[in-house]
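A.B. asks: In my numbering, the protein residues as written are 257 to 427. Glycine included, C-beta positions come from ideal geometry on N, C-alpha and C.
Written out as structure tokens, the structure reads:
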């Protein structure tokens, strides 16, 4: 009898591998923005956006939809938008305030954020961001465990094992 998949298998789903590529491309975009390489910035950002369409397609096609993948996609979207708007603020300083407001709007559309509270609680803010790194790791692991359990419940053992092997063989 096949054992099914575990949470580590969820990290290796093809759509999540695409998501990791988007994170890397966002880093390349930010780096190239800082070192003023506009063509590299444009290409890395454009590739990230193209991959944004691909991850959802492959999640559905391969039966590898996961909460972890949804969160990875959402957070990556916020990061790539912030990188782009920051770069535009750098290129067009007279519109920097507008781009900063758009960043705030993009983030606050997903999270409740109070700028005044953040300024007043700066020491707590710093500590919280250190804790966020730990939470990111633990949350990713927990989401992947939930996904693995759900997939194991929804699939026969043979189907779940085959799905996990498919995702690894596509690498």
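Can you tell me whether DSSP reads residue 292 as helix, strand or coil?
C.D. replies: If DSSP states are grouped into helix, strand and coil, residue 292 belongs with coil.
A.B. asks: The alpha helix (DSSP H) with residue 335 in it runs from where to where?
C.D. replies: Run containing residue 335: 323–347, per the alpha helix (DSSP H) assignment.
A.B. asks: Considering only residues of the same chain and omitting the five flanking positions on each side of residue 328, which have a CB-CB separation below 7 Å?
C.D. replies: Hits under 7 Å: 272, 275.
A.B. asks: In terms of residues, what are the limits of the alpha helix (DSSP H) holding residue 269?
C.D. replies: It is not in any alpha helix (DSSP H) - residue 269 carries neither H nor E in the DSSP assignment.
A.B. asks: Note down the Cα distance separating residue 290 from residue 401, rounded to an integer number of angstroms.
C.D. replies: Each residue's alpha carbon lies about 37 Å from the other.
A.B. asks: Leaving aside the five residues before and after residue 278 along the sequence, list all residues of the same chain whose C-beta is less than 6 Å from its C-beta, in chain order.
C.D. replies: The residues are 304, 307, 332.
A.B. asks: Which same chain residues end up closer than 8 Å to residue 300 when comparing Cβ atoms and leaving out the 5 residues on each side of it in sequence?
C.D. replies: Answer for residue 300: 281, 282, 284, 285, 288, listed in chain order.
A.B. asks: Is the stretch 263–270 in contact with the stretch 394–411, if contact means three or more CB pairs nearer than 8 Å?
C.D. replies: Touching, yes, given that three or more Cβ pairs across the two stretches are closer than 8 Å.
A.B. asks: Determine whether the beta carbon atoms of residue 399 and residue 323 lie at a separation below 7 Å.
C.D. replies: Their beta carbons are under 7 Å apart, which means residue 399 touches residue 323 by this criterion.
A.B. asks: Here's the rule: buried if 16 or more other CB atoms are within 10 angstroms of the residue's CB, otherwise exposed. What is residue 340?
C.D. replies: It is buried - the Cβ of residue 340 has at least 16 other Cβ atoms within 10 Å.
A.B. asks: So what does DSSP say about residue 411, is it helix, strand or coil?
C.D. replies: Residue state, collapsed to three classes: coil.
A.B. asks: Would you mind stating whether residue 359 and residue 336 have Cβ atoms separated by less than 7 Å?
C.D. replies: Cβ distance not < 7 Å, so residue 359 and residue 336 don't count as in contact.
A.B. asks: Between the C-alpha atoms of residue 389 and residue 396, what's the straight-line distance to the nearest angstrom?
C.D. replies: Cα to Cα, the separation comes out at about 11 Å.
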